[in-house]
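Going line by line, the protein sequences match chains E and H.
Counting in numbering that gives the first Met the number 0, the first sequence runs from 0 upward without gaps.
Counting in numbering that gives the first Met the number 0, the second sequence runs from 0 upward without gaps.
Heads up: the structure comes next, in structure tokens.
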Amino acid sequence: MKGDLAVFLKGPEGVLPLNERAREIGEKHLDRAVEVELPQGGKILIVPPDLFEELVFLVHDSRIVLSSIMGYAELLEMELEGSKRYLAHSIKREADFLKRLFDDVLLLEKIRNGMKKPTITEFGICELLEEIVDFLEPISRDREKNLSLECEDFEVRSDRDLIFRAVLNVVENALRHSKGDVSVKSGGGMIEVEDTGPALRKSDLGKGFGLEIARELISRIGGEVEVETREGGNTVRMNLKGMVV
Amino acid sequence: MKRKILIVEDDTDVARIVEEGLRKSGFDVATAGSAEDALDMAEKERFDLFIIDIILPGKDGKAFLSDLRKMERYKTAPAIFLTALDDEVEKVIGLELGADDYVTKPFSVRELVARVKSIFRRIEMDTEGVNRRPKKIYAKDLEIDTEKYEVKVKGKKVNLTPLEFDLLCFLAENEGKVFSREVLLDRLWGYDYFIDTRTVDVHIRRLRTKIEEDPSKPKYILTVRGKGYKFSDPGKEG
């Protein structure tokens, strides 16, 4: 099975697969192996499953179902009136959020495999941030939170779509999980997203996921993401200084 | 009389969603699960537009469209491709193969309906011969021919989908006037409620990559911060 551990015996003659998964994957993933010394001498190598690979597999399958959910919700929305219509719209909006996360995972896979190269253009950061704030306006209204933008413009030479997705992830996460308002600021090659808690912990898987995607997307194009967690809120700083023109 | 649309799609859920969406928007709709069935149906009945999934069991969507176009009455029948491949290359191919537009899965039903309406709007204008628009709009290197639905940049023809063309025309005819995303959605997409304004941004970006020399520094379609978009003739400045 894909999700099984692969176990190898490490002897003087080399590496010997001990279970089915080990035979399946061969020796190509040994760089990820954990070495365990046996009390009676000798060593075994354990290769954990590649979680990202599993995730991509899951995402591919779920995307089809998700698109049906979105379609049916949209049909309901066309059919209903008033507050019921708003409920149908909410289903679609939430499914759309999930779809965007899925799209990001698939994009990340393409980037990791070298199937997608960045598309580099020059663009102003304020226009991008305004587009994001505009896009999230219905969600902030729905959650009765204020989403503010204080924009000091700078020009960047980079992949606009990647930055858009990364920043959208960070701001949307803040908006969905913060207790109160969210503010977005820019200037001097930095973008800062500040929320009013609760503080992010490593164990906050759902909350951290969008952030992890943002972190990798930004680092792939030479930027950096830093999270500062304190009592009463979090600040995510995206450093794009290396891309400023 | 109601316009009749044939959906050629083997995925039951997608077919049902598209069928319902179009029906609610006032169209007559039929569905075929394969290219072979669709050709049979197209012979027996007359359809005004085809929505075709590219990947089908047996004969694929591209082969279906070329077979269809061999029939006298469907020589110029409008078609929209559905594709699961979000590859830019595939999109270009979609238009080159003679489809009028393409939609990438997963897609919004209303977006698809808007594109269908945009194609029919064009046909109506042609058949009624009522074209109140000026024939040609010039703006520096850009030339828009509203009668032939042709756009040229520096004399070179650019491939626009009907909706992209409508959007460009609408902005160009109202040169200098700023339109909010909501107004554009209402005028061109016909949305009335809970709008997703990003749809407009996506189309504007696509349009810019097709007509602007440097899409990140647009000269024709300008963003007006916090307000929306406007068309500008760069030749008139300075």
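Using N, Cα and C, we set each Cβ at its ideal position, and we do this for glycine too.
Excluding its 5 nearest sequence neighbours in each direction, Met0/H has no C-beta neighbour in its own chain below 8 Å. Counted as a single uninterrupted DSSP element, the beta strand (DSSP E) harbouring Ile43/E occupies residues 42-46.
Our two residues, Asp194/E and Leu81/H, have alpha carbons roughly 40 Å apart in a direct line. Shown here, Lys1/H sits in coil according to DSSP, grouped into three states, outside any helix or strand. Taken atom to atom, the span from the alpha-carbon of Ala21/E to that of Glu36/E is near 18 Å. Counting C-beta pairs closer than 8 Å gives fewer than three between the region 201-212 of chain H and the region 108-121 of chain H, which falls short of the contact rule. The beta-carbon separation of Thr234/E and Glu191/E, rounded to 6 Å, stays under the 8 Å limit for a contact. Cβ-Cβ separation between Gly123/E and Glu151/E: approximately 11 Å, too far for a contact (criterion under 8 Å). Taking a Cβ-Cβ cut-off of 7 Å, the neighbours of Gly225/H in chain E comprise Glu129, given in sequence order. For the set Gly175/H, Lys176/H, Val177/H, Leu166/H, the Cα lying nearest the Cα of Val201/H is the one of Leu166/H. If you keep only unbroken beta strand (DSSP E) runs of at least 3 residues inside the region 96-124 of chain H, you get 100-103. Bounds of the beta strand (DSSP E) holding Pro16/E are 13-16. Shown in chain order are the members of the region 210-222 of chain H whose Cβ falls below 9 Å from a Cβ of chain E: Asp213, Pro214, Ser215, Lys216, Thr222. Closer than 7 Å at the C-beta level to chain E, one finds these residues of the region 19-30 of chain H: Glu19, Gly20, Lys23.
Proximity of Val115/H to chain E, defined by a Cβ-Cβ separation below 9 Å, is not satisfied. Taking 9 Å as the threshold, the shortest C-beta distance from Thr234/E to chain H does not fall below it. Within chain E, the residues whose beta carbon sits less than 8 Å from that of Ile16/H are Ser67, Gly70, Tyr71, Glu73, Leu74, listed in sequence order.
In this structure, the beta-carbon distance from Gly70/E to Ile16/H falls below 9 Å. Spatial neighbours of Gly113/E in its own chain (CB-CB distance under 6 Å, excluding positions within 5 residues in sequence) are not present.
In the structure shown, Tyr137/H falls within a strand segment according to DSSP collapsed to helix, strand and coil. As the crow flies, the alpha-carbon of Phe163/E is around 7 Å from that of Ile131/E.
For Pro105/H, the C-beta contacts it makes with chain E under 9 Å involve Arg62, Ile63, Leu65, Ser66, Ser67, Met69, Gly70, Lys98, in order along the chain. Excluding sequence positions up to five before and after Lys139/H, its CB lies within less than 7 Å of the CB of Asp232, Pro233, Gly234, all in the same chain and listed in chain order. Cβ proximity to chain H below 7 Å picks out Lys98 from the region 89-119 of chain E.
When secondary structure is reduced to three states using DSSP, Thr234/E falls in the strand class. Neighbours of Arg197/H across chain E, judged by C-beta separation under 9 Å: Glu130, Asp133, Phe134. For Asp200/H, the chain E residues whose Cβ falls inside 7 Å of its Cβ are Glu130, in order along the chain.
When DSSP states are grouped into helix, strand and coil, Met189/E belongs to the strand group. Using a Cβ-Cβ distance cut-off of 8 Å, the region 100-118 of chain E and the region 133-145 of chain E are not in contact, since fewer than three pairs of beta carbons, one from each stretch, lie closer than that value.
For Arg2/H, no Cβ of chain E is located within less than 9 Å of the residue's own Cβ. By the Cβ-count criterion, Asp100/H is buried, with 16 or more other Cβ atoms from all chains shown falling within 10 Å of its own Cβ. Inter-residue distance for Arg62/E and Met237/E is about 29 Å (C-alpha atoms, whole angstroms). Residue-level contact check: Arg159/E touches chain H, since one or more beta carbons of chain H fall below 9 Å from its beta carbon. Taking CB atoms only, Arg109/H has a neighbour in chain E less than 9 Å away.
Look at Arg205/H: its C-beta is not under 9 Å from any C-beta on chain E. With respect to the 9 Å criterion, Gly13/E and Pro48/E are not classified as neighbours on the basis of their beta carbons.
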